[in-house]
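Q: Can you read through this structure? Questions will come right after.
In this note's numbering, the protein residues as written are 6 to 450.
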């Protein structure tokens with residue numbers, strides 16, 4: 006009889022292990038793999054997909070099963086094994102007086118040990134090693150268990166909602182996966198070698214692009230190379246040779262407005278056909294694509310696809326020309342700059358003393374990725390290093406002026422007219438004041 010009782014307890018422990026293995030396998034299985042298995046007509050794959058898509062009833066049923074099996078195994082084992090074991094222990098001199106209690110405790114310890122090893126740890130490790138295969142194997146049975154347990158689950162869910170409502174708790178209706186979760190997964194993938202560092206930077210840049218507007222990637226008006234609609238063809242060609250772009254905005258200087266876009270190849274083709282260079286730029290101009298500086302970058306990408314002219318004229322809220330943007334600017338925001346011809350000096354250069362010499366036109370997003378311990382607020386009015394400095398000073402600074410910001414000392418090194426050309430970023434040591442050892446009259450904010 007003891008053998009039969011032992012077999013019953015062991016069967017209950019195995020049933021507990023089946024529930025535990027099923028729970029972890031369905032939760033851990035990748036939906037994409039299950040969908041692939043379902044297309045291959047793998048037995049149980051469709052059932053596993055349905056459990057994974059709507060796991061509430063399934064998980065609740067499994068939890069009820071695990072709880073009931075555990076309680077029953079402990080109670081049954083204690084009742085059938087404690088008595089015979091106590092009879093044996095009464096003949097022991099030391100344990101005789103407490104034989105009943107000692108026997109019950111020993112039975113519980115043994116059953117708990119096997120429940121943990123055979124009923125929890127080993128099945129869960131097996132489920133983690135091949136989650137999709139195990140999920141397909143257990144899914145048909147577990148769907149039946151979920152159907153049988155649905156009435157009990159419903160009663161428990163209603164009771165749980167009623168109890169949590171007393172404390173003012175509401176069901177979380179937010180997305181289960183957030184942008185921060187995706188970034189964390191990318192970081193973890195990099196640590197485990199799934200992604201290379203450059204791949205991680207590009208993936209994070211793709212995520213960031215969705216939150217940025219056109220102003221953050223545009224070439225500002227002072228840096229734009231343009232053609233005058235009133236210039237002759239030879240003058241325009243000379244400007245093209247000097248600047249070397251494939252397309253240009255055409256500006257009417259009398260109106261101070263962009264009146265069209267012209268491509269270098271169109272001018273060269275007309276020059277080749279005419280030979281005399283006597284033609285007007287207005288004959289070759291294309292309709293500009295005007296966009297507001299606040300337009301999201303991804304929407305601009307859609308406009309490029311629809312418009313056919315891959316240069317956007319950026320306007321502010323008053324309709325004034327602010328700059329231009331091209332598909333290359335979007336690519337640069339994701340993958341970094343792709344220089345053509347001679348490679349320009351780097352936007353940020355680290356000096357031997359650890360400070361950084363930074364181009365004023367460098368985008369703060371790239372600056373943040375370049376210099377350690379530097380972080381810019383998500384909501385900001387500026388897009389470049391020079392814009393940051395102008396916001397901190399509140400006026401156009403002079404060469405040599407300094408400002409302290411977020412643990413850094415920023416010095417204006419060079420100006421190009423009224424434009425901030427070069428900046429020096431130096432990380433401050435804890436307790437250090439910007440400009441220590443220098444003229445105390447220097448500007449500090």
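Note that the Cβ used here is the ideal one computed from N, Cα and C, for glycine as well.
Check whether the Cβ atoms of residue 298 and residue 219 sit closer than 7 Å, and answer yes or no.
A: Taking the chain shown and counting its residues from 1, the one referred to as residue 298 is at position 293. Taking the chain shown and counting its residues from 1, the one referred to as residue 219 is at position 214. Yes, Cβ-Cβ distance for residue 298 and residue 219 is below 7 Å.
Q: As an exercise, report each continuous beta strand (DSSP E) stretch of at least 3 residues that is fully enclosed by the segment 405-429, in chain order.
A: You should have 407-410 and 413-421.
Q: If you draw a straight line from the alpha carbon of residue 317 to that of residue 379, how long is it in whole angstroms?
A: Within the chain shown, residue 317 is the residue found at index 312, counting from 1. Within the chain shown, residue 379 is the residue found at index 374, counting from 1. Their Cα atoms are separated by approximately 31 Å.
Q: Measure the Cβ-Cβ separation of residue 255 and residue 232 and say whether it is below 7 Å.
A: Looking up residue 255 in the chain shown gives position 250. Looking up residue 232 in the chain shown gives position 227. Yes.
Q: Curious, which full-length beta strand (DSSP E) runs of at least 3 residues does the segment 293-342 contain?
A: Listed in chain order, they are 294-297, 317-320 and 326-330.
Q: Take the Cβ of residue 324 as the centre, count every other Cβ of all protein chains shown within 10 Å, and call the residue buried at 16 or more, exposed below.
A: Within the chain shown, residue 324 is the residue found at index 319, counting from 1. Exposed, since its Cβ has fewer than 16 Cβ neighbours within 10 Å.
Q: Whose C-beta lies closer than 6 Å to the C-beta of residue 180 among residues of the same chain, with five residues either side of it excluded?
A: Residue numbering aside, residue 180 sits at position 175 when the chain shown is read from its first letter. Low per-residue confidence applies at residue 180: pLDDT is 49, beneath 50, and the placement is therefore not dependable, though the value from the model is reported in the following sentence. Result list for residue 180: empty, nothing under 6 Å.
Q: Using the three-state DSSP reduction, which class does residue 366 fall into: helix, strand or coil?
A: Locating residue 366 in the chain shown gives position 361, where the first residue counts as 1. Looking at residue 366 - three-state DSSP - the assignment turns out to be coil, as it is neither helix nor strand.
Q: According to DSSP, is residue 218 helix, strand or coil?
A: In the chain shown, residue 218 corresponds to position 213, counting from 1. If DSSP states are grouped into helix, strand and coil, residue 218 belongs with the strands.
Q: Are residue 28 and residue 67 close, meaning C-beta to C-beta below 7 Å?
A: In the chain shown, the residue the question calls residue 28 occupies position 23. In the chain shown, the residue the question calls residue 67 occupies position 62. Yes. Within cutoff.
Q: How long is the line joining the alpha carbons of residue 398 and residue 321, rounded to whole angstroms?
A: The residue labelled residue 398 in the question sits at position 393 within the chain shown. The residue labelled residue 321 in the question sits at position 316 within the chain shown. So the alpha carbons of these two residues sit roughly 24 Å apart.
Q: In the DSSP output, what is residue 231 paired with across the bridge?
A: Counting from one through the chain shown, the residue named residue 231 turns up at place 226. Bridge partners of residue 231: none, in fact.
Q: Measure how close the beta-carbons of residue 390 and residue 362 come, nearest whole angstrom, since I'm counting them as under 8 Å.
A: By one-based count along the chain shown, residue 390 stands at place 385. By one-based count along the chain shown, residue 362 stands at place 357. Actually they do not touch by this definition, with Cβ atoms about 11 Å apart.
Q: Return helix, strand or coil for residue 434, following the three-state DSSP convention.
A: Counting from 1 along the chain shown, the entry for residue 434 is found at position 429. The answer is coil: DSSP assigns residue 434 none of H, G, I, E or B.
Q: Helix, strand or coil for residue 198, going by three-state DSSP, please let me know.
A: Here residue 198 refers to the residue found at position 193 when the chain shown is read from its first residue. Note: residue 198 maps to coil in three-state DSSP.
Q: One question on the structure: do residue 302 and residue 335 come within less than 7 Å of each other, judged by their Cβ atoms?
A: As a first step, residue 302 is located in the chain shown; it is residue number 297 there, counting from the start. As a first step, residue 335 is located in the chain shown; it is residue number 330 there, counting from the start. Yes; because the gap between Cβ atoms is below 7 Å, this pair is in contact.
Q: Going by other Cβ atoms of all chains shown within 10 Å of its Cβ, with 16 needed for buried, is residue 253 buried or exposed?
A: What you label residue 253 is simply residue 248 of the chain shown in a count that begins at 1. With 16 or more other Cβ atoms within 10 Å, it is buried.
Q: Span of the beta strand (DSSP E) holding residue 156?
A: Taking the first residue of the chain shown as 1, we reach residue 156 at position 151. Taken as a continuous stretch (DSSP letters only), residue 156 belongs to no beta strand (DSSP E), being part of the alpha helix (DSSP H) at 136-171.
Q: Are residue 38 and residue 141 close, meaning C-beta to C-beta below 7 Å?
A: Walking along the chain shown from the start, residue 38 turns up at place 33. Walking along the chain shown from the start, residue 141 turns up at place 136. In this structure, residue 141 does not lie closer than 7 Å to residue 38 by Cβ.
Q: Rounded to a whole number of angstroms, what is the C-alpha to C-alpha distance between residue 11 and residue 143?
A: Along the chain shown, one-based indexing puts residue 11 at 6. Along the chain shown, one-based indexing puts residue 143 at 138. In a straight line, the C-alpha of residue 11 is about 26 Å away from that of residue 143.
Q: Is it a yes or a no for the segment 354-361 touching the segment 392-409, going by three-plus beta-carbon pairs under 8 Å?
A: Counting Cβ pairs under 8 Å, fewer than three are found: no touch.
Q: Out of 285, 431 and 248, which has the shortest C-alpha to C-alpha gap to residue 356?
A: Translated into the one-based positions of the chain shown, residue 356 becomes position 351. If we check each option's Cα against that of residue 356, 431 comes out closest.
Q: Residues in its own chain within less than 6 Å of residue 217 by CB, not counting five upstream and five downstream?
A: If you number the chain shown from 1, residue 217 lands on position 212. Closer than 6 Å at Cβ, skipping near neighbours: 302.
Q: Is it true that the CB of residue 90 sits closer than 7 Å to the CB of residue 78?
A: Position 73 of the chain shown, counting from 1, holds the residue named residue 78. Position 85 of the chain shown, counting from 1, holds the residue named residue 90. Contact: no.
Q: Figure out for me which residue from 157, 13, 327 and 88 has the closest Cα to the Cα of residue 70.
A: On the chain shown, residue 70 is found 65 positions in, with the first residue counted as 1. Selected option, being the one with the closest Cα: 157.
Q: Taking Cβ positions, are residue 123 and residue 198 nearer each other than 7 Å?
A: Reading the chain shown from its first residue, position 118 is the one you call residue 123. Reading the chain shown from its first residue, position 193 is the one you call residue 198. In this structure, residue 198 does not lie closer than 7 Å to residue 123 by Cβ.
Q: Residue 166: buried (16+ other C-beta within 10 angstroms of its C-beta) or exposed?
A: Looking up residue 166 in the chain shown gives position 161. Exposed is the call here.
Q: Reducing DSSP to helix, strand and coil, say where residue 268 ends up.
A: For the purposes of this step, residue 268 is taken as the residue at position 263 of the chain shown. Strand, per DSSP.
Q: Buried or exposed: residue 99, going by 16 or more other Cβ atoms within 10 Å of its Cβ?
A: For the purposes of this step, residue 99 is taken as the residue at position 94 of the chain shown. Exposed: under 16 other Cβ atoms inside 10 Å.
Q: Just to confirm, are residue 136 and residue 30 a CB contact at a threshold of 7 Å?
A: Numbered from 1 along the chain shown, position 131 holds the residue referred to as residue 136. Numbered from 1 along the chain shown, position 25 holds the residue referred to as residue 30. The answer is yes: Cβ separation under 7 Å.
Q: Applying the criterion that 16 or more other CB atoms from any shown protein chain within 10 Å of the CB defines a buried residue, is residue 24 buried or exposed?
A: As a working mapping, residue 24 is identified with position 19 in the chain shown. Residue 24 is buried by the Cβ-count criterion.
Q: Counting along the chain, where does the alpha helix (DSSP H) carrying residue 60 start and finish?
A: Within the chain shown, residue 60 is the residue found at index 55, counting from 1. Looking at the DSSP string, the run of the alpha helix (DSSP H) that includes residue 60 is 60-94.
Q: Give the straight-line distance between the Cα atoms of residue 235 and residue 309, rounded to the nearest whole angstrom.
A: Position 230 of the chain shown holds residue 235. Position 304 of the chain shown holds residue 309. Cα to Cα, residue 235 sits roughly 28 Å from residue 309.
Q: Nearest to residue 118 by alpha carbon, out of 149, 14, 201 and 96?
A: The sequence position of residue 118 within the chain shown is 113, counting from 1. When each option's Cα is compared against that of residue 118, the closest is 14.
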